[in-house]
Amino acid sequence: MSVSQRLEVSHRAPGHEELHRLFREQDLLCGNVEEWSRTHLSAVAAQDPGCYVRAGGTLVGAALRDGRELLLAVAPDEGPERGQIATTLLQRAPGAEECWVPTDDSDLPNALASQGWRPSTVDLQMRLRLPMTTYAALPDGVRLAELTGSDDAALHGAVHELACDAWGVASSPAEFLDRYVRHPAYDAGLWVVGHDGDGVCGAAIGRIEQLPDARVGKVASLAVAPRARGRGLAAALLGQLCRRFASRGLSLAQLGVHEDNRSGAPAMYRHLGWVQASSKTQWEPDV
Ligand SMILES: CC(C)(COP(=O)(O)OP(=O)(O)OC[C@H]1O[C@@H](n2cnc3c(N)ncnc32)[C@H](O)[C@@H]1OP(=O)(O)O)[C@@H](O)C(=O)NCCC(=O)NCCS
1 MSVSQRLEVS
11 HRAPGHEELH
21 RLFREQDLLC
31 GNVEEWSRTH
41 LSAVAAQDPG
51 CYVRAGGTLV
61 GAALRDGREL
71 LLAVAPDEGP
81 ERGQIATTLL
91 QRAPGAEECW
101 VPTDDSDLPN
111 ALASQGWRPS
121 TVDLQMRLRL
131 PMTTYAALPD
141 GVRLAELTGS
151 DDAALHGAVH
161 ELACDAWGVA
171 SSPAEFLDRY
181 VRHPAYDAGL
191 WVVGHDGDGV
201 CGAAIGRIEQ
211 LPDARVGKVA
221 SLAVAPRARG
231 RGLAAALLGQ
241 LCRRFASRGL
251 SLAQLGVHED
261 NRSGAPAMYR
271 HLGWVQASSK
281 TQWEPDV
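For the sequence shown, position 178 matches number 178 in our numbering, and the numbering has no gaps at all.
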């Protein structure tokens, strides 16, 4: 399949603004409340030759490799040719192992399926209006621990161990530090850490992020040790974090959760009043 004569396919890198606008338009069209950050897209484009489609000189499609992931966007106003452009980009960007596209996009899923990709995980972004009207109390025997700052290695290490225990995986300390401590929006005052007689038993990690439509308090991680579950600890930690968000002047909290989360977390969040704001689907090549 080839794209029509009016379209030019090349590796000629676009300007950063133009590239960011393309991804942003696609996300907004599908009601996605998260977007690719300008700096991240620019860094990826600087490292990968990418594949770009232009119509009359204007960028209308892009496929970029970000490690094992393919970032894919096609301008919303390309109408009936949108799927064809996506297919062309996918044919010229082999070897990627995953590609996230807005679940409600009308063309990209069809293009991915036609190229032998299949949908896997669905990521839900959920939101909660602040301030909350009621806050759950900590279960008996649980106290909050205060972080002293970004150099509090002992508490960061304990929260990392808790996360491994809660998720049943052995992630490396370096990966945890990169994701939560060395993050540009790191904020020690938004780490809500619970401990009981046996050490850290639950943690909610927050940070403040500017999204396209709102400044939100983002719940970057929530984990409760298996020994402490089913007693309202997650609800209490989330409540405490949302209280801190509200005290910083935020009127919206947001979190991401996989639809197939093994703990049934989407149902728990709905039970606690969170509502789905948008959804992205991960696609993988069918090997
Ligand atoms: C998800 C997790 C944090 C829940 O922790 P928890 O302390 O057992 O949860 P809580 O006891 O505070 O539950 C909070 C409320 O949600 C309800 N709830 C919990 N799981 C639920 C489910 N699967 N469906 C519906 N409601 C649920 C509880 O009944 C409780 O409501 P109540 O106070 O009215 O009784 C925990 O299982 C965990 O750490 N899992 C692994 C990591 C993970 O998946 N984190 C979430 C990532 S987005």
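Glycine included, each C-beta is placed from N, C-alpha and C at the ideal position.
Whole-angstrom C-beta distance between residue j and residue i, which should lie under 8 Å
| i | j | result |
| --- | --- | --- |
| Leu64 | Asp48 | 5 Å |
| Ala204 | Leu222 | 5 Å |
| Gly239 | Ala136 | 5 Å |
| Trp283 | Arg118 | 7 Å |
| Pro76 | Leu108 | In fact, because the Cβ distance is near 11 Å, the residues do not count as touching under 8 Å. |
| Leu144 | Val193 | 7 Å |
| Asp165 | Pro226 | 7 Å |
Top-ranked residue by Cα proximity to residue i, from the options
| i | options | result |
| --- | --- | --- |
| Val219 | Ala228, Trp117 and Arg244 | Arg244 |
| Cys51 | Asp151, Ser42 and Gly61 | Gly61 |
| His16 | Ala46, Met132 and Ala93 | Ala46 |
| Glu97 | Thr133, Gln115 and Pro173 | Gln115 |
| Pro266 | Pro94, Pro80, Glu69 and Asp123 | Asp123 |
| His258 | Val44, Leu250, Val193 and Lys280 | Lys280 |
| Ala73 | Gly67, Gly264, Pro80 and Cys99 | Cys99 |
| Val53 | Glu78, Arg179 and Val33 | Glu78 |
| Asp66 | Pro76, Pro80, Ala75 and Trp36 | Trp36 |
| Asp286 | Ser120, Glu8, Arg179 and Val193 | Ser120 |
| Leu138 | Ala153, Leu128, Cys201 and Glu69 | Cys201 |
| Ser251 | Gly264, Leu130, Val9 and Ala113 | Leu130 |
| Pro14 | Tyr180, Asp260, Val44 and Ala188 | Val44 |
| Ala214 | Val33, Gln26, Glu25 and Val9 | Val33 |
Check: residue i C-beta below 8 Å from any heavy atom of ligand 1
| i | result |
| --- | --- |
| Val224 | yes |
| Ala46 | no |
| Leu233 | yes |
| Gly230 | yes |
| Gly273 | no |
| Ser263 | yes |
| Arg270 | yes |
| Trp191 | no |
| Ala299 | An answer regarding residue 299 cannot be provided, because it is not within the stretch 1 to 287 covered by the chain. |
| Val257 | yes |
| Ser171 | no |
| Gly217 | no |
| Ala158 | no |
| Gly202 | yes |
| Ala137 | no |
| Ala267 | yes |
| Ala153 | no |
| Ala236 | yes |
| Ser10 | no |
| Ser106 | no |
| Ser251 | no |
| Ser150 | no |
Own chain partners of residue i with C-beta closer than 7 Å, once the 5 adjacent residues on each side are dropped
| i | result |
| --- | --- |
| Gly199 | Ala158 |
| Ala185 | Arg207, Ile208 and Glu209 |
| Ala31 | Checking the sequence, you will find Gly at residue 31 rather than Ala. Contacts found: Asp104 and Ser278. |
| Ala111 | Gly83, Ala86, Thr87 and Leu90 |
| Thr133 | none |
| His160 | Pro173 and Phe176 |
| Val169 | none |
Other residues of its chain near residue i: CB distance less than 8 Å, five sequence neighbours each side excluded
| i | result |
| --- | --- |
| Gly141 | Asp196 and Gly197 |
| Arg6 | Ala55 and Gly56 |
| His41 | Looking at the sequence provided, one finds Leu at residue 41 rather than His. The answer, listed in chain order, is His16, Leu19, His20, Phe23, Leu64 and Leu71. |
| Met1 | In this prediction, Met1 scores a pLDDT of 44, lower than 50, which makes its location untrustworthy; no coordinate-derived value is stated. |
| Arg248 | Ile208 and Gly217 |
| Leu190 | Ile205, Gly206, Arg207, Ile208, Gly217, Leu241, Arg244 and Phe245 |
| Gly163 | One detail in the question is off: residue 163 reads as Ala in this sequence, not Gly. Only Ser171, Phe176, Ala203, Ser221 and Ala223 meet the Cβ criterion. |
Ligand 2 heavy atom lying under 8 Å from the CB of residue i
| i | result |
| --- | --- |
| Ser278 | Ligand 2 is not among the ligands present in this structure, which contains only ligand 1. |
Minimum Cβ-Cβ distance from residue i to chain C less than 9 Å
| i | result |
| --- | --- |
| Arg231 | The question asks about chain C, but that chain is absent: this structure has only one protein chain. |
Own chain partners of residue i with C-beta closer than 6 Å, once the 5 adjacent residues on each side are dropped
| i | result |
| --- | --- |
| Met126 | Leu255, Tyr269, Trp274 and Gln276 |
| Leu155 | Leu147 |
| Pro212 | Glu35 |
| Asp152 | none |
Mind listing, in chain order, the continuous alpha helix (DSSP H) runs of no fewer than 4 residues lying wholly within the segment 213 to 248? 233 to 247
Length-filtered (3 minimum) beta strand (DSSP E) runs lying within the segment 96 to 150: 99 to 102, 117 to 129 and 143 to 145
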